[in-house]
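Sequential numbering of the sequence shown, starting at 1, is according to UniProt numbering. For each residue, glycine too, the CB sits at the ideal point set by N, CA and C.
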Amino acid sequence: MRGIPEGQGENIKGKITVELALWLELPTEDVEKAIQSAFRLKAKIPKNKKFVGDCLIIFKDKEIKNKILHKSREKSWNVNGMNDKGKRNRIEHVLKKEGLDIICLQETHIARKHKRTLINSRLGNEFISSDQSKKRGVVIYIKKQIEAKSLFKDEEGRISAVQINWQGEKIIIVGIYAPNVNKSEFYGRLEERLSDYADQKIILLGDMNGVVSLEVDRLRDTKGKEGKLPRTFFSLVQNCNLVDIWRFRHPLEKQYTFYSEPNDSSSRLDQIWVSKELVPRSLRVEIQARTISDHNPIKMEL
């Protein structure tokens with residue numbers, strides 16, 4: 001553990017316990033039981049001085065260590081096409097560096113007959129929803145060490161749903177690329193599909209192609225309510241008890257994930273929604289810089 005301020009006569013194990021408990025939002029006593037010992041890598045402390053140093057933590061067993069420290073990392077990214085091999089390689093390079101457990105990519109633009117192009121063992125086991133033509137396309141990659149099975153997908157390259165077993169806990173991952181038109185019907189059908197799983201833990205992520213609030217999720221809004229998500233979307237997230245986790249963690253910030261040049265407007269189209277039970281564990285949620293695609297990725301640690 002890095003960056004722990006030093007002090008004279010400190011109880012380093014107690015300090016580490018408090019820091020980890022706050023960081024992980026776990027009871028202090030649970031963290032204390034998991035730690036066997038903790039000590040500084042630099043033992044000498046100049047008199048009357050404090051400085052930031054590194055600490056080594058020894059856990060009682062591997063299972064407890066993994067349970068406390070191994071957070072899952074999820075990323076959603078509209079990549080705006082993956083037919084070009086050079087671009088696919090650049091995307092893979094970016095994703096591999098982050099050590100992700102769950103990856104959801106939208107707008108792959110890979111036709112169904114070429115879907116083997118999306119198989120990439122370095123990213124994980126793939127769950128593909130593709131169209132017959134080079135349009136749309138969703139793929140979810142699940143790290144190979146995580147047990148996963150496909151629940152359902154559509155035939156238009158817009159929805160892929162996967163159930164994972166994360167440390168003994170079943171979670172449903174739903175990756176979507178919503179349409180620009182007929183959004184109400186799309187979300188209505190998705191709610192019907194998810195109704196059988198409404199009592200389970202769900203992570204809904206992808207390009208929603210609409211915003212929650214025109215006031216805070218859109219810059220230079222067009223006239224009227226164009227661009228706002230339909231009522232069926234809000235019915236879906238309400239009935240599945242889902243929370244817009246980026247907005248929950250950043251209640252006052254204005255950040256956007258897509259810029260429309262024709263409309264000269266920026267919108268937060270790319271979102272991650274999680275079941276209320278998962279909210280306390282979703283500590284880090286960030287909209288990342290725009291690079292290869294015309295959309296910003298969004299990343300979460302759970």
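Exercise. Kindly indicate the opening and closing residues of the beta strand (DSSP E) around Gln106.
Key: 102-106
Quiz prompt | 4-residue-minimum alpha helix (DSSP H) runs that sit fully inside the region 200-262, ordered along the chain | solution = 231-239, 245-249
Quiz prompt | Rounded C-alpha distance that separates Val138 from Lys33 | solution = 43 Å
Self-check item: Residues near Ala161 in its chain [Cβ-Cβ closer than 6 Å; skip 5 each side]
Solution: Leu151, Phe152, Val174
Exercise. Assign Arg189 to one of three DSSP states: helix, strand, or coil.
Key: helix
Quiz prompt | Alpha-carbon spacing of Glu19 relative to Glu286, whole angstroms | solution = 22 Å
Quiz item: What does a CB cutoff of less than 7 Å around Leu302 pick up in its chain, not counting 5 residues either side in sequence?
Solution: Lys71, Ser72, Glu74, Leu278, Arg281, Ser282
Practice problem: Could you name each continuous beta strand (DSSP E) segment of 3 residues or more that falls completely within the region 119-153, going from the start of the chain to the end? | Solution: 125-129, 138-142, 147-153
Quiz item: If you draw a straight line from the alpha carbon of Val79 to that of Ala38, how long is it in whole angstroms?
Solution: 43 Å
Practice problem: Find out if the Cβ-Cβ distance for the pair Thr257, Arg268 is shorter than 7 Å. | Solution: yes
Practice problem: Determine the DSSP secondary structure at Gly86, reduced to helix, strand or coil. | Solution: helix
Quiz item: According to the Cβ coordinates, are His250 and Asp270 closer than 7 Å?
Solution: no
Quiz prompt | Val279 - containing beta strand (DSSP E), residue span | solution = No beta strand (DSSP E) holds Val279; DSSP gives it neither H nor E.
Quiz prompt | Pairwise C-alpha distance: Val211 and Trp166 | solution = 30 Å
Quiz prompt | DSSP bridge partner residues for Tyr177 (one or two, in chain order) | solution = Asp207
Practice problem: Under 8 Å by Cβ, that's how I've got Arg158 and Arg136 pegged, so tell me the actual separation to the nearest angstrom. | Solution: 6 Å
Quiz item: To which residues does DSSP link Asn165 through a beta bridge?
Solution: Glu147, Lys170
Quiz item: Hey, how far is the Cα of Ser265 from the Cα of Asp217?
Solution: 11 Å
Quiz item: Do you know how far the Cα of Arg220 is from the Cα of Pro262?
Solution: 12 Å
Practice problem: Apply the 10 Å Cβ neighbour rule to His93 and answer buried if 16 or more other Cβ atoms are within range, or exposed otherwise. | Solution: exposed
Exercise. Please go through the same chain and pick out, in chain order, the residues whose beta-carbon is closer than 6 Å to the beta-carbon of Ile245, but skip the five residues on each side of it.
Key: Ile272, Val274, Ser282, Val285
Exercise. List the endpoints of the continuous alpha helix (DSSP H) containing Glu156.
Key: No alpha helix (DSSP H) contains Glu156, which DSSP labels as neither H nor E.
Exercise. If I'm right that Cys104 touches Ser129 with Cβ under 8 Å, what's the distance once you round it to whole angstroms?
Key: At roughly 11 Å, the Cβ-Cβ gap does not stay under 8 Å, so Cys104 and Ser129 are not in contact.
Exercise. Reducing DSSP to helix, strand and coil, say where His93 ends up.
Key: helix
Practice problem: Report buried or exposed for Leu236, applying the criterion of at least 16 other Cβ atoms within 10 angstroms of its Cβ. | Solution: buried
Quiz prompt | Beta-ladder partner(s) of Ile292, from DSSP | solution = DSSP, once it has assigned bridges, lists no residue as partnering Ile292.
Self-check item: C-alpha gap between Asn241 and Gly206, whole angstroms
Solution: 17 Å
Practice problem: Specify, as a first and last residue, the run of the beta strand (DSSP E) that Lys75 falls within. | Solution: 73-78
Quiz item: In terms of alpha-carbon separation, which member of Leu95, Arg112, Glu107, Ala178 lies closest to Arg122?
Solution: Leu95
Quiz item: Going by the CB atoms, is the gap between Tyr177 and Gln132 shorter than 7 Å?
Solution: no
Practice problem: Reducing DSSP to helix, strand and coil, say where Lys60 ends up. | Solution: coil
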